[in-house]
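Asker:
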Amino acid sequence: PIATELPEKVNSILWIRKGKDTLAFGNITGAMVFQGTVIPGAGMLLIPWNMMDSYAGMAVIMALTGNAWLWLLHRTGRLTTGLLSGSMLLYACFMIGVIV
1 PIATELPEKV NSILWIRKGK DTLAFGNITG AMVFQGTVIP GAGMLLIPWN
51 MMDSYAGMAV IMALTGNAWL WLLHRTGRLT TGLLSGSMLL YACFMIGVIV
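Letter by letter, the sequence shown follows residues 1 to 100 in the numbering used here.
1) Counting pairs of Cβ atoms below 8 Å between the segment 81-89 and the segment 53-65, do you hit three or more?
2) Give the secondary structure of W49 by DSSP, where H, G and I count as helix, E and B as strand, and everything else as coil.
3) Look at the alpha carbon of T4 and the alpha carbon of I47, and state the distance between them as a whole number of angstroms.
4) Expressed to the nearest angstrom, what Euclidean distance is found between the alpha-carbon atoms of L73 and L83?
5) Between which two residues does the alpha helix (DSSP H) carrying T81 extend?
6) Please name the residue, chosen from L64, M58, I13, that lies closest to I99 on a Cα-to-Cα basis.
7) Assuming G30 is part of the alpha helix (DSSP H), what are its boundary residues?
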């Protein structure tokens, strides 16, 4: 979507040069939210699709695991080597689940 996002990037660059960082950040964030939610949501509504039960179960497990992991990271207040290693392990498990 470079054609739709390029004007947003140019506006943000211009706003940063003028010292309006909040506008630039809000512009980029809004564009990301739009591209990440509205367009896929329209696609899901317009195209019939069905998900196998095993994929739905895996998605729920991964979402719960990710939320628990974020809670742990927030609770500790710092990012240690052990937590980074755990993140890499969780990502590896996710990739194995996707590939298999």
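Just so it is clear, CB atoms sit at the ideal spot from N, CA and C, and this is done for glycine as well.
From a predicted model like this one, the values you see are computed outputs, not experimental measurements.
Answerer: Based on what the coordinates show:
1) No, the segment 81-89 does not touch the segment 53-65.
2) For W49, the three-state secondary structure derived from DSSP is coil.
3) 23 Å
4) Those two C-alpha atoms are separated by around 8 Å.
5) 81-99
6) The residue among L64, M58, I13 with its C-alpha nearest the C-alpha of I99 is M58.
7) 21-33
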